[in-house]
Amino acid sequence: MKLSLAKNLIALRIEAKRRVDEAAVTIRHTRASYGVDAIYAEKTREAEQYKAAAIAGSPDLADYPFLSAETKRLGQNPMDVAALWIERQRELRTFLAKVEVARLNAKAAIDTATTPGEIEHLAAYVSWPD
Amino acid sequence: MTAINYTIFNREGRIHSSGYCDETAYDVMLQDVADQNLGFVIQEKSNHETDYVVNSHVAPRLSPMIDKTEIAANDRDAAVIENLPDPAVVMVDGETYTIKGGRLEVTSAMPATYAISVPEQFPYTALDVEIVAR
Numbered sequence: 066m067k068l069s070l071a072k073n074l075i076a077l078r079i080e081a082k083r084r085v086d087e088a089a090v091t092i093r094h095t096r097a098s099y100g101v102d103a104i105y106a107e108k109t110r111e112a113e114q115y116k117a118a119a120i121a122g123s124p125d126l127a128d129y130p131f132l133s134a135e136t137k138r139l140g141q142n143p144m145d146v147a148a149l150w151i152e153r154q155r156e157l158r159t160f161l162a163k164v165e166v167a168r169l170n171a172k173a174a175i176d177t178a179t180t181p182g183e184i185e186h187l188a189a190y191v192s193w194p195d
Numbered sequence: 055m056t057a058i059n060y061t062i063f064n065r066e067g068r069i070h071s072s073g074y075c076d077e078t079a080y081d082v083m084l085q086d087v088a089d090q091n092l093g094f095v096i097q098e099k100s101n102h103e104t105d106y107v108v109n110s111h112v113a114p115r116l117s118p119m120i121d122k123t124e125i126a127a128n129d130r131d132a133a134v135i136e137n138l139p140d141p142a143v144v145m146v147d148g149e150t151y152t153i154k155g156g157r158l159e160v161t162s163a164m165p166a167t168y169a170i171s172v173p174e175q176f177p178y179t180a181l182d183v184e185i186v187a188r
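Residue numbers (our numbering), protein chains in the order written: chain C, 66 to 195; chain X, 55 to 188.
Here it is in structure tokens:
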């Protein structure tokens with residue numbers, strides 16, 4: 066009897082894309098894990114609101130609990146702290162955007178790969194940002 | 055005193071145990087085999103892992119054999135597995151096939167590593183091998 070062997074590429078692609086998604090989650094967590102990302106977002110929101118309020122008038126720092134606490138802790142000007150948070154959030158978003166592009170590119174490449182070796186390689190060697 | 059080789063085996067030919075002893079012990083052993091319904095005895099030595107009993111004689115168990123484990127991924131170059139039970143259960147990457155004729159030719163057009171497993175089908179031994187199609 067003869068048997069012509071082949072792999073189920075659909076199943077391999079599904080598994081490979083699952084691995085890429087999983088790796089993306091791990092990489093995102095190196096910068097902002099669950100819970101912490103919500104805090105960062107809240108800090109940024111406060112920083113942006115404070116900055117806008119400062120331009121319009123004299124905001125009460127007590128209305129911005131994260132900013133108030135950090136300003137006291139560091140002994141710094143609230144505007145400087147707000148600017149730092151906004152900049153860090155911008156860096157984080159840029160990083161997360163790069164992760165997302167890498168994730169989507171890898172999955173798109175996996176969809177068009179035609180051999181198990183290619184699929185495995187694409188899942189194992191995604192060009193994640195540093 | 056003469057040492058007697060013996061092999062105890064079941065109806066299927068599977069060897070239960072083997073060894074040697076003197077005539078007195080041999081008689082006792084025969085009685086034990088009968089009392090405990092262990093099977094049958096022949097006066098031959100054997101290895102219970104690699105041999106079995108067929109037509110009242112010890113013989114090597116049958117083993118599936120593959121001629122190569124690398125093939126070209128062109129759907130023409132074939133690895134051949136011979137000496138299979140007929141029919142044989144063969145598993146490729148966990149999927150089960152029933153192979154008739156005692157022989158299997160394996161080809162592939164897709165470069166990959168394929169896990170081939172032939173479970174033990176007594177008196178045939180098992181075969182586990184990976185075939186790489188390049």
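Glycine included, every Cβ here is placed at the ideal spot set by N, Cα and C. As the structure is a computational prediction, the values presented were derived from the model and not from experiment.
Three-way DSSP call (helix, strand, coil) for residue i in this model
i	result
X:H102	coil
C:K137	helix
X:N128	coil
C:T179	coil
X:T61	strand
X:A180	coil
C:V191	coil
C:E111	helix
C:Y105	helix
C:M66	coil
C:Q154	helix
X:Y80	helix
X:T56	coil
C:E165	helix
X:Q85	helix
Distance between residue j and residue i (C-alpha atoms, nearest Å)
i	j	result
X:A126	X:A187	5 Å
X:M83	X:T104	23 Å
C:A147	C:Q141	10 Å
X:S162	X:T56	58 Å
X:A113	C:N73	41 Å
C:V191	C:A162	15 Å
X:R130	C:D86	38 Å
C:A97	C:H186	27 Å
X:V160	X:Y60	42 Å
X:M145	X:V183	11 Å
X:T150	X:V143	7 Å
C:V90	C:I151	23 Å
C:A174	C:L149	37 Å
C:Y115	C:A88	36 Å
X:Y80	X:V87	10 Å
C:L126	C:E107	15 Å
For residue i: DSSP bridge partner residues
i	result
X:H111	X:V108
X:A187	X:I125, X:A166
X:V95	X:I62
X:S71	X:I62
X:T152	X:V143
Exposure of residue i, with buried meaning 16 or more beta-carbon neighbours within 10 Å
i	result
C:E111	buried
C:L132	buried
C:I120	exposed
X:F63	buried
X:S72	buried
X:Y178	buried
X:G93	buried
C:T109	buried
C:G100	exposed
C:L70	buried
C:L139	exposed
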